[in-house]
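S.K.:
Protein chains: 2
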Amino acid sequence: MTYQLHYWPGIQGRGEFVRLALEEAGADYVDVARGPADRGGGERALSRRLGELAPPPFAPPVLVAEGRAIAQTANILLFLGARHGLAPQDEAGRLWVNQLQLTLADLVDETHDTHHPIAAGLYYEDQKEEAVARASHFVRERLPKHLGYFERVLAGGESGAGLAGERLCYADLSLFQVARGLEYAFPKAMRALAPKLVRTIALAERVEARPRIAAYLVSPRRIPFNQQGVFRRYPELDAA
Amino acid sequence: MTYQLHYWPGIQGRGEFVRLALEEAGADYVDVARGPADRGGGERALSRRLGELAPPPFAPPVLVAEGRAIAQTANILLFLGARHGLAPQDEAGRLWVNQLQLTLADLVDETHDTHHPIAAGLYYEDQKEEAVARASHFVRERLPKHLGYFERVLAGGESGAGLAGERLCYADLSLFQVARGLEYAFPKAMRALAPKLVRTIALAERVEARPRIAAYLVSPRRIPFNQQGVFRRYPELDAA
Chain A
8 MTYQLHYWPG
18 IQGRGEFVRL
28 ALEEAGADYV
38 DVARGPADRG
48 GGERALSRRL
58 GELAPPPFAP
68 PVLVAEGRAI
78 AQTANILLFL
88 GARHGLAPQD
98 EAGRLWVNQL
108 QLTLADLVDE
118 THDTHHPIAA
128 GLYYEDQKEE
138 AVARASHFVR
148 ERLPKHLGYF
158 ERVLAGGESG
168 AGLAGERLCY
178 ADLSLFQVAR
188 GLEYAFPKAM
198 RALAPKLVRT
208 IALAERVEAR
218 PRIAAYLVSP
228 RRIPFNQQGV
238 FRRYPELDAA
Chain B
8 MTYQLHYWPG
18 IQGRGEFVRL
28 ALEEAGADYV
38 DVARGPADRG
48 GGERALSRRL
58 GELAPPPFAP
68 PVLVAEGRAI
78 AQTANILLFL
88 GARHGLAPQD
98 EAGRLWVNQL
108 QLTLADLVDE
118 THDTHHPIAA
128 GLYYEDQKEE
138 AVARASHFVR
148 ERLPKHLGYF
158 ERVLAGGESG
168 AGLAGERLCY
178 ADLSLFQVAR
188 GLEYAFPKAM
198 RALAPKLVRT
208 IALAERVEAR
218 PRIAAYLVSP
228 RRIPFNQQGV
238 FRRYPELDAA
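These protein sequences, in sequence, are chains A and B.
According to this note's numbering, the first sequence holds residues 8 to 247 in order.
According to this note's numbering, the second sequence holds residues 8 to 247 in order.
1. Measure the CB-CB distance between P124/A and E132/A and report whether it falls below 8 Å.
2. Which residue wins for smallest C-alpha separation from L85/B, given the options D45/B, V25/B, D113/B?
3. Please tell me whether E106/B has its Cβ less than 8 Å away from any Cβ of chain A.
4. Is there a C-beta anywhere in chain B that falls below 8 Å from the one on G128/A?
5. What does the Cβ neighbour count give for Q96/A, buried or exposed, with the cut at 16 atoms within 10 Å?
6. L27/B lies in the alpha helix (DSSP H); which residues open and close that run?
7. Pull up the CB-CB distance for Q184/A and I18/A, whole angstroms please, since I reckon it's below 8 Å.
8. Taking 7 Å as the cut-off, is the C-beta of N105/A nearer than that to any heavy atom in the ligand PLP?
9. Alpha helix (DSSP H) containing R198/A: first to last residue?
10. What residues from chain A crowd round T110/B, counting only those whose CB sits closer than 9 Å?
11. Let me know if E212/A comes out buried or exposed under the rule of 16 or more other beta-carbons within 10 Å of its beta-carbon.
12. If you measure beta-carbon to beta-carbon, which residues of the region 134-158 of chain B are closer than 7 Å to chain A?
13. Counting only Cβ-Cβ distances shorter than 7 Å, please list the residues of the region 93-104 of chain B near chain A, keeping chain order.
14. Run down chain B in chain order and give the residues with a C-beta less than 9 Å from the C-beta of F193/A.
15. The alpha helix (DSSP H) spanning A89/A covers which residue range?
16. For the region 63-77 of chain A against the region 147-163 of chain A, are there 3 or more C-beta pairs whose distance is under 8 Å?
17. What's the C-alpha gap between R56/A and D45/B?
18. Assess contact between the region 30-48 of chain A and the region 220-234 of chain A, defined as three or more Cβ pairs (one per stretch) separated by less than 8 Å. Is contact present?
19. Could you name each continuous alpha helix (DSSP H) segment of 4 residues or more that falls completely within the region 183-247 of chain A, going from the start of the chain to the end?
20. How would you write the range of the beta strand (DSSP E) that L12/B sits in, first residue to last?
21. Determine whether the Cβ of N233/B lies closer than 8 Å to any Cβ atom of chain A.
22. If you draw a straight line from the C-alpha of F193/A to the C-alpha of E23/A, how long is it?
23. In chain A, what lies closer than 7 Å to F86/B by C-beta?
24. Listing by chain order, which chain B residues have their CB less than 7 Å from the CB of D250/A?
25. Compare the Cα-Cα distances from A81/A to each of A112/A, L180/A, A196/A and report the closest residue.
26. With a Cβ-Cβ cutoff of 8 Å, do L182/A and F157/A count as a contact?
27. Going by beta-carbon coordinates alone, are M8/A and E59/A separated by less than 8 Å?
28. Could you name the residues of chain D that V160/B contacts, counting a contact when the two beta carbons are closer than 8 Å?
29. What residues of chain B sit near R75/A, judged by a beta carbon separation below 7 Å?
30. For L175/B, which residues in the same chain have their Cβ closer than 8 Å to its Cβ, ignoring the five residues on either side in sequence?
31. Spatial neighbours of L200/A within its chain, please: C-beta separation below 8 Å, excluding the five flanking residues on both sides.
32. Give me the residue from R219/B, P242/B, S226/B with the minimum Cα distance to M197/B.
33. Alpha carbons only, please: which of Y14/B, A34/B, P63/B, D35/B is nearest the one belonging to E50/B?
34. Going by beta carbon distance, what residues of the same chain come within less than 6 Å of H91/A, once the five residues before and after it are set aside?
35. Of the residues L129/B, H119/B, H122/B, R141/B, which one's Cα is nearest the Cα of A126/A?
36. Can the beta-carbon of V237/A be found closer than 8 Å to that of G20/A?
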């Protein structure tokens, strides 16, 4: 079976958390909007396609599996995690990984709003002053609090293990992506925090070294970080 | 078994989605921080308790069931929904209700940020100008888009059914709460939208009339909407 992923073609965005899970699972998938126009590629085709899927999604990313559309990043990962061994099989373990993923999603939302504090539909330049104010609080308070939490979770486990134990889970993949994204967007702030994030940084390196992830990251399927995604580098927002 | 709910004692907030599910289920639970101080009541005891729970939560609400702490609102509801028949039993149905709940959570986050666009840790008065700008976009663009989505989902089902069919699910309870919260916070905007939200309003009324919910809403367990919660009434943010 081939999965169809429907997501904006020019950015990593929230779709990247799904891509990483699909890649680590070695799953067969088509990133539809990144394909040629005659096979539904492009943003316009994506917008049109979203209106045709069932049950109806509110927004991308959407994964179509066996004709059924599944939306909301954490929900797609809940599905893929169970199906591809990227989460524990018992209820407590599944809920724990889902909880971690939702906590990461909150951090991603807060990161997005550092550059769009007034409206996602306005240009950055039209809300730059407010972005500077929001990012200042984010860098000083929210970023250390969020990342400190995941570091604490890792410290509570075995040395060298991930967020849910020895076996890799999809929240480990997502924490890798968030760490790399934050390093891209806030290099100064992340350098200052690094001494307190030893376990998180080590986990990100272990994820990056996994054969399928390593192959993915150097492939054309990996879109580079850029100024249209969730993680954007605006030096004025990275005040230490 | 008695559940323990750990949440800020003075507000509905995100904890209210959990309270509604517990009430509809007729579950035995203690709202710990609302109890007497000698049984762990109060905000200070809550903050202390959160640091002692395992596995560690990032933030309230937290539900403790059989000694295990479960956090993140949508994750708690995923657990309660399966256990108390507030979600379909099949995988597709469970994922669909989880997807709806996560979409509602996004709307709740956006609603929160209308009054706190710069930082949750600052007073409203210190970010009022930015709040007016954010709320203006929210009321004109995001609110109709979000609520229009749920109305469309309801229109796709049987007349008189909820978001996941005839049988009530926890996302129906949450949509009721969101609708009432938005009516409290944005009365003018919601009156203007009402003609396009006929099915949503009817669903909210059906939820409100369910015996256990009706009893809960007039009980002292239901905290009134107020200016500390997610849904706050600031007339300057409710410009039509």
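Beta carbons are placed, not taken as given, at the ideal position from N, Cα and C, and that holds for glycine.
All figures in this text were calculated on a predicted structure; none of them were measured in a lab.
M.R.: Answer, in terms of the structure:
1. Indexing the first sequence from 1 puts residue 124/A at position 117. Indexing the first sequence from 1 puts residue 132/A at position 125. Their beta carbons are not under 8 Å apart, which means P124/A does not touch E132/A by this criterion.
2. Stepping through the second sequence from its first residue, residue 85/B is reached at position 78. Checked all of D45/B, V25/B, D113/B; the closest Cα to L85/B is V25/B.
3. In the second sequence, the residue the question calls residue 106/B occupies position 99. A small correction: the amino acid at residue 106/B is Gln; Glu does not occupy that position in the sequence shown. Contact of Q106/B with chain A is assigned, a C-beta pair being separated by under 8 Å.
4. For the purposes of this step, residue 128/A is identified with residue 121 of the first sequence, where counting begins at 1. So yes, G128/A belongs to the interface.
5. Here residue 96/A refers to the residue found at position 89 of the first sequence. Classification of Q96/A: exposed, given that the 10 Å Cβ count is below 16.
6. Numbered from its first residue, the second sequence carries residue 27/B at position 20. Taken as a continuous stretch (DSSP letters only), the alpha helix (DSSP H) holding L27/B covers 22-32.
7. The residue labelled residue 184/A in the question sits at position 177 within the first sequence. The residue labelled residue 18/A in the question sits at position 11 within the first sequence. The distance from the Cβ of Q184/A to that of I18/A is about 13 Å, inconsistent with a contact at the 8 Å cut-off.
8. Although the ligand PLP was asked about, the structure shown includes no ligands whatsoever.
9. What you label residue 198/A is simply residue 191 of the first sequence in a count that begins at 1. In the DSSP assignment, R198/A falls within the alpha helix (DSSP H) that extends over 194-200.
10. Within the second sequence, the letter at position 103 stands for residue 110/B. Residues of chain A passing the Cβ test: P64, F65, A66, A78, Q79.
11. In the first sequence, the residue the question calls residue 212/A occupies position 205. Burial call: exposed.
12. Listed by position along the chain: E137, A140, R141, H144, E148, Y156.
13. Taking 7 Å as the Cβ-Cβ cut-off, the region 93-104 of chain B approaches chain A at A99, L102, W103, given in chain order.
14. Against the first sequence, residue 193/A aligns to sequence position 186. Near F193/A there are no residues of chain B at all, since even the closest Cβ is about 16 Å away, more than 9 Å.
15. For the purposes of this step, residue 89/A is taken as the residue at position 82 of the first sequence. Looking at the DSSP string, the run of the alpha helix (DSSP H) that includes A89/A is 80-90.
16. no
17. The sequence position of residue 56/A within the first sequence is 49, counting from 1. The sequence position of residue 45/B within the second sequence is 38, counting from 1. Near 57 Å, if we compare the C-alpha coordinates of D45/B and R56/A.
18. yes
19. 194-200, 205-215, 218-224
20. By one-based count along the second sequence, residue 12/B stands at place 5. Where L12/B is concerned, the enclosing beta strand (DSSP E) stretches over 10-13.
21. Locating residue 233/B in the second sequence gives position 226, where the first residue counts as 1. No, N233/B lies away from the interface with chain A (no Cβ there is under 8 Å from its Cβ).
22. Looking up residue 193/A in the first sequence gives position 186. Looking up residue 23/A in the first sequence gives position 16. Cα to Cα, F193/A sits roughly 19 Å from E23/A.
23. Position 79 of the second sequence, counting from 1, holds the residue named residue 86/B. Residues of chain A passing the Cβ test: L102.
24. In the structure as shown, chain A starts at 8 and stops at 247, and residue 250/A therefore has no counterpart that could be examined.
25. Here residue 81/A refers to the residue found at position 74 of the first sequence. Here the closest residue by C-alpha is A112/A.
26. Working through the first sequence from its first residue, we reach residue 182/A at position 175. Working through the first sequence from its first residue, we reach residue 157/A at position 150. Yes.
27. Start at 1 with the first residue of the first sequence, and residue 8/A comes out as number 1. Start at 1 with the first residue of the first sequence, and residue 59/A comes out as number 52. No. Outside cutoff.
28. Chain labels in this structure do not include chain D; the protein chains are A and B.
29. On the first sequence, position 68 is the one that residue 75/A refers to. Simply A99.
30. Residue mapping note: residue 175/B aligns to position 168 of the second sequence, counting from 1. Within the same chain, L175/B has close Cβ partners E31, L93, G169, V214, R217.
31. The residue labelled residue 200/A in the question sits at position 193 within the first sequence. If we look at L200/A and ignore the five residues flanking it on each side, its Cβ neighbours are L150, P151, L154.
32. Position 190 of the second sequence, counted from the start, is the residue given in the question as residue 197/B. Looking at the Cα atoms, P242/B is the closest of the given residues.
33. Indexing the second sequence from 1 puts residue 50/B at position 43. If we check each option's Cα against that of E50/B, Y14/B comes out closest.
34. By 1-based counting over the first sequence, the position of residue 91/A is 84. Closer than 6 Å at Cβ, skipping near neighbours: A32.
35. Taking the first residue of the first sequence as 1, we reach residue 126/A at position 119. The residue from L129/B, H119/B, H122/B, R141/B with its alpha-carbon nearest to that of A126/A is R141/B.
36. Translated into positions along the first sequence, residue 237/A becomes position 230. Translated into positions along the first sequence, residue 20/A becomes position 13. Contact flag set, yes.
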